[in-house]
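Visitor:
Numbering (the UniProt record's numbering), first residue to last: 1 to 246.
1. Please report the residue range of the beta strand (DSSP E) in which residue 161 lies.
2. With DSSP collapsed to three states, give me the class of residue 139.
3. Just verifying my parser: in three-state terms, what is the DSSP assignment at residue 6?
4. Quick one: residues in its chain with C-beta nearer than 7 Å to the C-beta of residue 128, no 5 flanking neighbours on either side, listed in chain order?
5. In three-state terms, what does DSSP make of residue 75?
6. Enumerated in chain order, which unbroken segments of the alpha helix (DSSP H) with a length of 4 residues or greater are wholly contained in the segment 96-158?
7. Residue 160 and residue 203 - do their beta-carbons sit closer together than 9 Å?
8. Assuming residue 155 and residue 132 are in contact, meaning their beta carbons sit under 8 Å apart, how far apart are those beta carbons, in whole angstroms?
9. Could you check if residue 119 is buried or exposed, using at least 16 other CB atoms within 10 Å of its CB as the buried criterion?
10. Using a Cβ-Cβ cut-off of 7 Å (strictly less than) and excluding sequence neighbours within five positions of residue 14, which residues of its own chain qualify?
11. Taking the beta carbon of residue 174 as the centre, do at least 16 other beta carbons fall within 10 Å, making it buried, or is it exposed?
12. Does the Cβ-Cβ distance between residue 21 and residue 169 come in under 9 Å?
13. What separation, rounded to the nearest whole angstrom, lies between the Cα atoms of residue 153 and residue 63?
14. Taking the alpha carbon of residue 108 as the point to measure from, which residue in 47, 52, 189 has its own alpha carbon closest?
15. Since residue 85 and residue 66 should fall inside the 8 Å C-beta cutoff, what is the C-beta to C-beta distance between them, to a whole number of angstroms?
16. Anyone know if the C-beta pair for residue 30 and residue 207 falls short of 9 Å?
17. With distances taken between CB atoms, is the gap from residue 229 to residue 42 smaller than 9 Å?
As structure tokens, then:
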């Protein structure tokens, strides 16, 4: 039975990184499509304005707290999550797991050439993963049928979708019944980081929940979007004081 923490009406799984990895690996043994999403504060706040996104997150088979703000929100609610489970780290742990050689991945998303470069860099790091298909994220609605056919013909077990939130979550939700994979994971900018096109925050910022600050420093144009972080925390506090107002 799942152990979840309710944050503004969204059930976030209360798992450690190791437990999340075990759950994902367990999905590989089940003959159905599983969805894994990794929301941060921005996505959680966006879900409060977008009922469709909120419903999609609520229906996930595994929903882990990617941002430190989500963990903070759980503490404010009095039901602290075990730890932050960053989607980037979870995906990379799956790559290097002993069973990874038997898992077939499909990379969907990113700019043309980025996913290919990410795969190349993984191989250069001696990470022996099996990528059975790659497709960039620049496609029209008319091309979706062919893309789904390509994914299914690849016999992939895990589909990594890097279309950015909330587009990737909505794409997975809309198409999961047509897919033959066992796991769909929304991975955001993972391919960009693996390809070297983007850099992750230094370890100090990661450990202290300050990746948002580093990102703001590197990309100041994200300032307006990042206002959702304090809005999210304020919304959680208001809900804690008066649930009927949230």
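We put the CB at the ideal spot given by N, CA and C, even for glycine. Bear in mind the structure is a predicted one, so any value in this text is a computation, not a measurement.
Guide: Straight from the coordinates:
1. 158-162
2. coil
3. strand
4. 101
5. helix
6. 114-124, 144-153
7. no
8. 6 Å
9. buried
10. 3, 4, 5, 81, 82
11. exposed
12. no
13. 28 Å
14. 189
15. 7 Å
16. no
17. yes
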